[in-house]
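Q:
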Amino acid sequence: MLHDQSMSRTSPATGLDNRRNDPRLETDREVLIAWHHAPDQGVRYGVVNESQGGCLITSTVPLIEGMTGTVLGRIPTKGHRYSALVVAWSRPVDGTWHVGLRYLS
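Residues in the sequence shown are numbered consecutively from 2, following the working numbering.
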């Protein structure tokens, strides 16, 4: 485990396309994600905030918009659900990267 198929922008709306409409809860949890290009390797990321439609994570490297993966777990575990996700955006912030993830399920 480390600590830290593209989808088209023209794909149909999922109802979760704009997570800015959902209330966000700040948190200091971590999330464990398996990216579809490396399904046998889980990667841990710190979570800044989360809503029903997605979350904002921090990463030491930029993540490519359109990358897909699955949430394998949350640290500490609380109300976990396996969620398919897609990277919506990635921006540099103070020497790290903020990455917006959109839940697909």
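Note that the Cβ used here is the ideal one computed from N, Cα and C, for glycine as well.
Remember, it's a predicted structure, so these values are computed and weren't measured experimentally.
Could you tell me the distance, in whole angstroms, from the CA atom of P40 to the CA atom of L73?
A: The residue given as residue 40 occupies position 39 in the sequence shown. The residue given as residue 73 occupies position 72 in the sequence shown. Rounded to the nearest angstrom, the two C-alpha atoms are 10 Å apart.
Q: For L86, count the other beta carbons within 10 Å of its own beta carbon; 16 or more makes it buried, fewer makes it exposed. Which is it?
A: Along the sequence shown, one-based indexing puts residue 86 at 85. Classification for L86: buried.
Q: For a quick check, are the C-beta atoms of G101 and L57 less than 7 Å apart?
A: Position 100 of the sequence shown holds residue 101. Position 56 of the sequence shown holds residue 57. Contact: yes.
Q: Over the uninterrupted beta strand (DSSP E) stretch that includes P40, give me the two end residues.
A: As a position in the sequence shown, residue 40 is number 39, starting the count at 1. P40 -> no beta strand (DSSP E), and no H or E assigned at all.
Q: Less than 7 Å between C-beta atoms, sequence neighbours within five positions excluded: which residues of the same chain meet that for E51?
A: Locating residue 51 in the sequence shown gives position 50, counting from the first residue. Excluding positions up to five away in sequence, the list reads R25, L26 and T28.
Q: What does a CB cutoff of less than 8 Å around T78 pick up in its chain, not counting 5 residues either side in sequence?
A: Within the sequence shown, the letter at position 77 stands for residue 78. So the list is empty, once near-sequence residues are dropped.
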